[in-house]
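Protein chains: 2
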Amino acid sequence: MSDKRKIAEAVITRLSIYNRALGEIGKEGLEIISSDELGNRIGYSAAQIRKDLSCFGEFGEVGKGYFVQDLRDVISHILGVDRKWNVALAGAGHLGSALLAYPGFKQWGFNIVAVFDNDLAKIGKKWESIVIQDISELAKTVKEQDIRIGAIAVPPQVSQEIVDMFTSCGIRAILNFATASITVPEGVKLRNVDLATELECLSYFLTNEAEVRSEVLGKIKNSSGEGG
Amino acid sequence: MSDKRKIAEAVITRLSIYNRALGEIGKEGLEIISSDELGNRIGYSAAQIRKDLSCFGEFGEVGKGYFVQDLRDVISHILGVDRKWNVALAGAGHLGSALLAYPGFKQWGFNIVAVFDNDLAKIGKKWESIVIQDISELAKTVKEQDIRIGAIAVPPQVSQEIVDMFTSCGIRAILNFATASITVPEGVKLRNVDLATELECLSYFLTNEAEVRSEVLGKIKNSSGEGG
DNA sequence: CAAATATTGTGAAAATTATCACAGCATCCA
DNA sequence: TGGATGCTGTGATAATTTTCACAATATTTG
Numbered sequence: 003m004s005d006k007r008k009i010a011e012a013v014i015t016r017l018s019i020y021n022r023a024l025g026e027i028g029k030e031g032l033e034i035i036s037s038d039e040l041g042n043r044i045g046y047s048a049a050q051i052r053k054d055l056s057c058f059g060e061f062g063e064v065g066k067g068y069f070v071q072d073l074r075d076v077i078s079h080i081l082g083v084d085r086k087w088n089v090a091l092a093g094a095g096h097l098g099s100a101l102l103a104y105p106g107f108k109q110w111g112f113n114i115v116a117v118f119d120n121d122l123a124k125i126g127k128k129w130e131s132i133v134i135q136d137i138s139e140l141a142k143t144v145k146e147q148d149i150r151i152g153a154i155a156v157p158p159q160v161s162q163e164i165v166d167m168f169t170s171c172g173i174r175a176i177l178n179f180a181t182a183s184i185t186v187p188e189g190v191k192l193r194n195v196d197l198a199t200e201l202e203c204l205s206y207f208l209t210n211e212a213e214v215r216s217e218v219l220g221k222i223k224n225s226s227g228e229g230g
Numbered sequence: 003m004s005d006k007r008k009i010a011e012a013v014i015t016r017l018s019i020y021n022r023a024l025g026e027i028g029k030e031g032l033e034i035i036s037s038d039e040l041g042n043r044i045g046y047s048a049a050q051i052r053k054d055l056s057c058f059g060e061f062g063e064v065g066k067g068y069f070v071q072d073l074r075d076v077i078s079h080i081l082g083v084d085r086k087w088n089v090a091l092a093g094a095g096h097l098g099s100a101l102l103a104y105p106g107f108k109q110w111g112f113n114i115v116a117v118f119d120n121d122l123a124k125i126g127k128k129w130e131s132i133v134i135q136d137i138s139e140l141a142k143t144v145k146e147q148d149i150r151i152g153a154i155a156v157p158p159q160v161s162q163e164i165v166d167m168f169t170s171c172g173i174r175a176i177l178n179f180a181t182a183s184i185t186v187p188e189g190v191k192l193r194n195v196d197l198a199t200e201l202e203c204l205s206y207f208l209t210n211e212a213e214v215r216s217e218v219l220g221k222i223k224n225s226s227g228e229g230g
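If you read the sequences in order, they're chains A and B. Numbering-wise (the numbering used here), the first sequence opens with residue 3 and increments by one. Numbering-wise (the numbering used here), the second sequence opens with residue 3 and increments by one.
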C-alpha cells in the first residue's frame, strides 16, 4: 500500500531483477505480462512479485497484468535509476581496471568519473579517458564532480582507510570488492561483493552434496560413525 | 546440535565471514575469542554466531570462548575449504582476465586451471600460464582436470548456453558474473555476482535517503504532497 | 572452599519474510 | 445481458530467521 515504511533490502534486490527481466520481455515485444508469467521466467512466485510491488503502489490492471514498459518505468524510478550517478573508483589494479573497462556500468547509468590510486607509477596515466589521480585528491574531486557512489577495489589492508575517506567527504553509498570486514558510519550504505564468500558457499555445497552421497553409500557398510 | 538438516544459505555465508575474521584475529596473536567479541568486530550478534555454529556442533569452551585456530580449522572443514578446488573460467574478456590475474582465488584454494572463449583471436594465447581454449573443448577439459566449479564471465546473451555446457559435463557449482537470469537444473548450485543489482540497491538507498531528507524539510513549508 | 565472574549452547519468544487464498473488478464470449 | 474467466492487491496464515534469556559449567579471586 505504497507506505514507504522500512522496505527490506531483499525487496529492492528483487525489484532490480524484475526490472531487468522486464527489459528483456520488452525487447521481445511483449506489452503486457502477468505476475505469474514474470515469476515463471525468473524463478519467483507470483505472490512474491505482487507483494513486493505493493510496497510502492498499485501498478497492475486487474484481469490483465502489468504493462511492461510502464512497470519498468515505475521500478526504474523507485530504484532511482532513471538518472545518472557519478562513481569514484579507488584502486587501479587488475580488478579496478576491469571495472573501468566494463561497459555495463555506463549502460546502467553509473559513470565512473574518477579513479584513484596511491601508486606513483600509475598516477597521471590515462585509462579509458580518465586520468588516475593521487588518493589524496579524493575529497576534492568527489565534491567537484558530484560523486555519490564509491567503489573500492584496493587491497584489504587499506580498504577501511578508503571507506573513511569516502564517508568523510560525504559519500553515502559504497560498493566494496575488497575481502575485508569494513565498517561504515550510520547512514552510509555498504554493499559487499565478496568473491571469497561466494566461492566458499559453492565449496560448502559441493562438499555437502558429496557427503550426502557418500553417507547414503556409507550406510550400507557402516551404521554409525564419529566424524573426523 | 550438529544435526545437518537443511542449513540456511545465510548461515554458510556468515560462516565464511567468521572464518575470515578468525584469520585476522589469529594474525593478531589472539588465541581465544568470545562470541561477543567476534560479533563486535564483524557486526553480528553473539547469539547469531553461537546459533550458527550450533548447527554443526559444539566448539566453544564455557566461560572461556573459542580457540581461534581450532574454530578456524573447524569452519574451514565445514566449508570444504581445507582442500583445493579446480575452477574453469568461461570468458576471457576484461572481467575474465581480471579474475584470472586476481591472486585471491589461488590463495583461497580455488585454482583457475582452464579458460575458455569463442573468440578465435584469443584462443591459443597464453594468459597467466594458461592457454585459452576453444569453448568446444570445455567438456573434455573439465573431466580431464577434475574441475568442479565453473565461473561465467561472458556476455549475458550466451550465459545460459555456458551454464548448460557446464552442467551437462557434471559441474554442480557455478559462479555467475553475467547480468542475466539464468536457470540451473536441480542439484546445481548457482551463485550470482550481480553488479547491476548491487549498484541499483545503492541507487535506491541514495534516492530514498534524499527523499526522506527533503520530506522532512518539505514538511516545514508544505503539509501534504503527491510525490513526483 | 565459596562467591563472583565469564561465556557457552539452546529452548522459547519475537520479528521478519514468504505463501496462501480469495474478494473484487475487468474482460471476454455467447 | 449474464455467466465464465483471468488476474490484481491484500489480509490471514505459515515458515523462517533472529534475538532473548537463562541453566549449566568453567575459571578466578580471596
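We put the beta carbon where it would ideally sit given N, CA and C, even for glycine. Note that the coordinates shown come from a computational prediction; the quantities given were computed from them, not determined experimentally.
Check	Outcome
Cβ neighbours of L122 of chain A in the same chain (closer than 7 Å, five flanking residues each side left out)	none
The alpha helix (DSSP H) enclosing Q135 of chain A, as first and last residue numbers	From DSSP, Q135 of chain A is part of no alpha helix (DSSP H) but of the beta strand (DSSP E) over I132 to D136.
is_contact[G220 of chain B, chain A] using C-beta, thresh 8 Å	Interpretation of G220 of chain B is limited by its pLDDT of 39, a score under 50 that renders its predicted location unreliable; the figure taken from the coordinates is listed afterwards. Chain A, which has no Cβ nearer than 8 Å to the Cβ of G220 of chain B, makes this no.
I14 of chain B, buried or exposed, once every other Cβ within 10 Å from all chains shown has been counted against 16	buried
Beta-ladder partner(s) of R193 of chain A, from DSSP	A:L177
Beta-carbon spacing of V195 of chain A, L177 of chain A below 8 Å	yes
Rounded distance between the beta-carbons of A153 of chain A and L197 of chain A, thought under 8 Å	Wrong, their Cβ atoms sit about 15 Å apart, outside the cutoff.
Whole-angstrom C-beta distance between V144 of chain B and I132 of chain B, which should lie under 8 Å	At roughly 14 Å, the Cβ-Cβ gap does not stay under 8 Å, so I132 of chain B and V144 of chain B are not in contact.
Sub-8 Å separation of I34 of chain A and F61 of chain A beta-carbons	no
Alpha carbon of D136 of chain A to alpha carbon of Y206 of chain B, nearest angstrom	30 Å
Partner residues on chain B for S161 of chain A, Cβ-Cβ distance less than 8 Å	Those do not exist, as S161 of chain A stays about 12 Å from chain B at its closest Cβ, beyond 8 Å.
For K127 of chain B, three-class secondary structure by DSSP	coil
Distance between beta carbons of N88 of chain A and I164 of chain A, contact taken as under 8 Å	About 17 Å separates the two Cβ atoms, so there is no contact after all.
N210 of chain B, DSSP secondary structure in three states	helix
Whole-angstrom distance between F168 of chain A and V83 of chain B, CA atom to CA atom	34 Å
Cβ pair F112 of chain B, I151 of chain B closer than 8 Å	yes
V160 of chain A versus K66 of chain A - alpha carbon distance	53 Å
Cβ neighbours of I19 of chain A in the same chain (closer than 7 Å, five flanking residues each side left out)	I44
Within chain A, partners of K191 of chain B - CB distance below 7 Å	L204 and F207
Interface flag, W87 of chain A vs chain B, CB-CB below 8 Å	yes
Start and end residues, beta strand (DSSP E) containing N21 of chain B	Segment E11 to K29 is the alpha helix (DSSP H) holding N21 of chain B; no beta strand (DSSP E) there.
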